[in-house]
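Novice: Residue numbers (my numbering): 18 to 141.
Just so you know, even glycine gets a beta-carbon here, dropped at the ideal spot from N, CA and C.
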Amino acid sequence: MNTMLAGLNDIYRAKEELEELKLQHPELYEQLHHVVSLTRQLQIKYGYMGSLLRDEDLPKFRPQFVRESILSLYQREVQKLKDHPDFMEAKSLMKKHSKVGDPKLFLLILGAKPEMLQGSTIIK
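1) Once DSSP output is grouped into helix, strand and coil, what is the label at K116?
2) Please report how far the alpha carbon of V85 lies from the alpha carbon of V53, in whole angstroms.
3) What does the alpha-carbon distance come out to for the pair L98 and L49?
4) Tell me the rounded alpha-carbon separation between E132 and P120.
5) Does DSSP classify H51 as helix, strand or coil?
6) Give me the Cα-Cα distance between K130 and S89, rounded to the nearest whole angstrom.
7) Mind checking whether P80 and Y63 have CB atoms under 9 Å apart?
8) Can you list, in chain order, the residues of its chain whose CB lies under 8 Å from that of R30, leaving out five sequence neighbours each side?
9) Since I believe H51 is in contact with G103 (beta carbons under 8 Å), could you give me their beta-carbon distance rounded to a whole number of angstroms?
10) On the criterion of 16 or more Cβ atoms from any shown chain inside 10 Å, does M105 qualify as buried, or is it exposed?
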């Protein structure tokens, strides 16, 4: 299987579209930022968050060492984001920038610089 890595221009385009989402849908963006931040604070893989947002069952990302009560709370927060009336905007942005990948998109939301993300493959 041959996978294309996102180049710096791809990451910059994703950042620009995230900024546009922030301007056009500030409430949605704030909720998205909240869930991304919660994901990081709970040390849950970004791939798990992405799979929940896309309604995919990806067992390889499911947290193994997080208490079920904490995971349930986390899943409720993700569901609140998915229930937002403009959620499809965020979902289509994720799909459009799938080459960049969920972890890098989510790190951009947290303020990471595109240069720091280029070529990073460790992030999950």
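Specialist: Straight from the coordinates:
1) Residue mapping note: residue 116 aligns to position 99 of the sequence shown, counting from 1. In the structure shown, K116 sits in coil (DSSP, three-state: anything other than H, G, I, E or B).
2) One-based indexing of the sequence shown puts residue 85 at position 68. One-based indexing of the sequence shown puts residue 53 at position 36. Strictly speaking, residue 85 in this sequence is Glu, with Val absent from that position. Distance between the alpha carbons of E85 and V53: 19 Å.
3) Along the sequence shown, one-based indexing puts residue 98 at 81. Along the sequence shown, one-based indexing puts residue 49 at 32. In a straight line, the C-alpha of L98 is about 7 Å away from that of L49.
4) Looking up residue 132 in the sequence shown gives position 115. Looking up residue 120 in the sequence shown gives position 103. If I take the Cα positions, the gap works out to 15 Å.
5) In the sequence shown, the residue the question calls residue 51 occupies position 34. Three-state DSSP puts H51 in a helix.
6) Residue numbering aside, residue 130 sits at position 113 when the sequence shown is read from its first letter. Residue numbering aside, residue 89 sits at position 72 when the sequence shown is read from its first letter. Those two C-alpha atoms are separated by around 32 Å.
7) Working through the sequence shown from its first residue, we reach residue 80 at position 63. Working through the sequence shown from its first residue, we reach residue 63 at position 46. The answer is no: Cβ separation not under 9 Å.
8) Position 13 of the sequence shown, counting from 1, holds the residue named residue 30. Hits under 8 Å: H114.
9) Locating residue 103 in the sequence shown gives position 86, counting from the first residue. Locating residue 51 in the sequence shown gives position 34, counting from the first residue. A small correction: the amino acid at residue 103 is Asp; Gly does not occupy that position in the sequence shown. Contact flag wrong, Cβ pair sits at about 15 Å.
10) Counting from one through the sequence shown, the residue named residue 105 turns up at place 88. Exposed: under 16 other Cβ atoms inside 10 Å.
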